[in-house]
Ligand SMILES: [Zn+2]
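Here it is, written out as structure tokens:
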């Protein structure tokens, strides 16, 4: 790409040095500094658009500090192993195999990627299938863009729960840095890691909670950040990782009863998903199985197994989540366990079942055919680690965010890292 700006001020632009300092060495910065993280916003996109109301600049990362000053929206499209750069007039400005970096000239006007604003800077490169866009951002701004999407803006009595969520998100991030290093970033911006929505997702209450816990991290016995899993509603007892994912987890992820002597019912009993019921017409349930079950049980197909006859719980784990659910068909049985149940048995609206803590199952049959299926259950999400509605309940009962974190992550402690 050719430079259209004079070089006089570029060397004084701090964002450039953040990027150059970071590249190839993602991770916590020096003592006192806020770590920078790399969040994958797009992976293999055919095309993206970038702009900023305050002007922005784009340059090649590896071939010298010669960014091009831009005042309007540019587009970047995937072509083979490279990226084509199109300016606001539709003119092709370059065909780049290198990594591109983009930063706002005025931090008050963050970059907008496809019309969503993100603080910090962006890296763009091709992964062969399309464009990868990575947001390079300080950990505190990142957490402020995660918390509202993960726990929602909550009223003041739940402020300690929001702080606990901020610390959990910060801890998870530090524990999982370089998780996707082979793909050029640390974490994904989806629920595969943590939902992150940039500036547009930020909410005042959540930003306040993030700032109130600046640099605070939940740690294990060796003072390492914990992999702080969390989910919406544990249903009264959090899950062992082995119950839902079939593999053991760290000691601080032990399943616990979600109450103390201070309350008569579970902390998360305030959740609208504490108890739930799903009902399917028999034919709709069978059609749902046709679509979802082969993804979990590769050997299953309708022709071979025939119609459903019954569905029963064969065993449960320590938290009463279902560890063996037996589906009996005309010509064979299938077993499901843990979170695989949620992906195999879809709600009538197509979403995953809310949890695998199933409390009651009814399969009504008439003339040899299933006419109606009902499932009752508790909770929402995998149930491992912090229970978000439980944290809100604890907050309302006077516990502070440190109490909440130590309650859900047994044996962990809370430290200020920076
Ligand atoms: Zn709970």
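Residue numbers (mature numbering (1 follows the signal peptide of the UniProt record, and there is no 0)): -31 to -1, 1 to 387. Every residue, glycine too, gets a C-beta built ideally from N, C-alpha and C.
**OP:** Would you check whether ligand 1 has a heavy atom nearer than 7 Å to the C-beta of residue 356?
**Re:** Yes - ligand 1 has a heavy atom lying nearer than 7 Å to the Cβ of residue 356.
Original post:
With respect to the alpha helix (DSSP H) encompassing residue 385, which residues constitute its N-terminal and C-terminal limits?
Top reply: Not the alpha helix (DSSP H): residue 385 falls in the beta strand (DSSP E), residues 382 to 385.
Subject >> Cβ-Cβ distance between residue 374 and residue 219 below 8 Å >> reply: By the CB criterion at 8 Å, residue 374 and residue 219 fall outside the cutoff.
Subject >> Inter-residue Cα distance where the pair is residue 314 and residue 295 >> reply: The straight-line gap separating the alpha-carbon atoms of residue 314 and residue 295 is approximately 12 Å.
**OP:** Report buried or exposed for residue 139, applying the criterion of at least 16 other Cβ atoms within 10 angstroms of its Cβ.
**Re:** Burial of residue 139 is indicated by the presence of at least 16 other C-beta atoms within 10 angstroms of its C-beta.
Subject >> Whole-angstrom distance between residue 356 and residue 362, CA atom to CA atom >> reply: Using only the alpha carbons, I get a separation of about 10 Å.
Subject >> Cut-off 6 Å between Cβ atoms - residues of its own chain near residue 266, not counting five sequence neighbours on either side >> reply: For residue 266, where only same-chain residues beyond five positions count, the Cβ hits under 6 Å are 303.
Original post:
Does at least one heavy atom of ligand 1 sit under 7 Å from the Cβ of residue 286?
Top reply: No, since every heavy atom of ligand 1 falls outside the 7 Å radius drawn around the Cβ of residue 286.
Original post:
If we count Cβ pairs, one from each stretch, closer than 8 Å, do we get three or more for the segment 240 to 257 versus the segment 346 to 354?
Top reply: The segment 240 to 257 is in contact with the segment 346 to 354.
Subject >> Rounded straight-line distance, which links the Cα of residue 256 to that of residue 292 >> reply: The alpha-carbon separation between residue 292 and residue 256 amounts to approximately 24 Å.
**OP:** Give the DSSP-derived three-state secondary structure of residue -2 in the structure shown.
**Re:** At residue -2 the pLDDT is 44, less than 50, meaning the model places this residue with poor confidence and gives no usable figure here.
**OP:** Starting from the Cα of residue 269, find the closest Cα among 10, 240, 300 and give me that residue.
**Re:** Residue 269 has its Cα closest to that of 300, out of 10, 240, 300.
**OP:** May I ask which residues mark the beginning and end of the beta strand (DSSP E) holding residue 53?
**Re:** It spans 51 to 55 - the beta strand (DSSP E) in which residue 53 sits, taken as one unbroken run.
**OP:** Put residue 197 into one of helix, strand or coil per three-state DSSP.
**Re:** In the structure shown, residue 197 adopts coil according to DSSP, grouped into three states.
**OP:** Report the option in 128, 74, 297, 115 whose CA atom is closest to the CA atom of residue 141.
**Re:** Considering only alpha carbons, the answer is 115.
Original post:
Which class does residue 241 belong to by DSSP, given the choice of helix, strand or coil?
Top reply: Reduced to three states, the DSSP call for residue 241 is coil.
Subject >> Given 8 Å, three or more beta-carbon pairs between the segment 21 to 33 and the segment 62 to 80 >> reply: Short answer: they touch.
Original post:
For the alpha helix (DSSP H) that contains residue 177, what are its first and last residues?
Top reply: Counting along the chain, the alpha helix (DSSP H) containing residue 177 begins and ends at 173 to 181.
Original post:
Can you list, in chain order, the residues of its chain whose CB lies under 8 Å from that of residue 136, leaving out five sequence neighbours each side?
Top reply: These residues qualify, in order along the chain: 182, 185, 186, 187, 197, 370, 374, 383.
**OP:** Determine the burial state of residue 57: buried for a count of at least 16 other Cβ atoms within 10 Å of its Cβ, exposed for fewer.
**Re:** Flag for residue 57 reads exposed.
**OP:** Output the distance between the C-alpha atoms of residue 113 and residue 147, rounded to the nearest integer angstrom.
**Re:** So the two alpha carbons sit approximately 20 Å from each other.
Original post:
Taking C-alpha atoms, which residue in 260, 307, 271, 287 lies nearest to residue 316?
Top reply: The shortest Cα separation from residue 316 among 260, 307, 271, 287 belongs to 260.
Subject >> Three-way DSSP call (helix, strand, coil) for residue 288 in this model >> reply: Assignment of residue 288 by DSSP, reduced to helix, strand and coil, places it in the coil class.
Original post:
Quick check: the segment 99 to 106 against the segment 75 to 91, are there 3 or more CB pairs under 8 Å?
Top reply: Output reads yes: the segment 75 to 91 touches the segment 99 to 106.
**OP:** With a threshold of 7 Å, establish whether the CB of residue 359 neighbours any heavy atom of ligand 1.
**Re:** Yes - ligand 1 has a heavy atom lying nearer than 7 Å to the Cβ of residue 359.
Original post:
Given a threshold of 16 other Cβ atoms within 10 Å of its Cβ, counted over all protein chains shown, does residue 21 qualify as buried or as exposed?
Top reply: So residue 21 counts as buried.
Subject >> DSSP beta-bridge partners of residue 147 >> reply: Residue 147 pairs with nothing; no bridge assigned.
Original post:
Just to confirm, does residue 236 get its C-beta within under 7 Å of one of the non-hydrogen atoms of ligand 1?
Top reply: Indeed, a heavy atom of ligand 1 lies less than 7 Å from the Cβ.
Original post:
Residues in its own chain within less than 7 Å of residue 221 by CB, not counting five upstream and five downstream?
Top reply: Correct list, in chain order: 189, 195, 378, 379, 380, 381.
Original post:
Counting Cβ pairs, one atom from each stretch, are 3 or more of them under 8 Å apart for the segment 154 to 164 and the segment 2 to 15?
Top reply: Segments in contact, yes.
Original post:
Got a sec: does ligand 1 put a non-hydrogen atom nearer than 7 Å to the Cβ of residue 325?
Top reply: Incorrect: residue 325 has no Cβ contact closer than 7 Å to ligand 1.
Original post:
How long is the line joining the alpha carbons of residue 385 and residue 312, rounded to whole angstroms?
Top reply: Roughly 38 Å between the two C-alpha positions.
Subject >> From 231, 17, 169, residue whose alpha carbon lies closest to that of residue 44 >> reply: Comparing alpha-carbon positions, the option among 231, 17, 169 lying closest to residue 44 turns out to be 17.
Subject >> Paired residues, beta bridge with residue 230 - DSSP >> reply: Its beta-bridge partners do not exist; DSSP assigns none.
Subject >> Simplified DSSP assignment, three categories, for residue 374 >> reply: In this structure, residue 374 counts as helix in the three-state DSSP scheme.
**OP:** Check whether the Cβ atoms of residue 63 and residue 118 lie closer than 8 Å to each other.
**Re:** No, they are not a contact pair.
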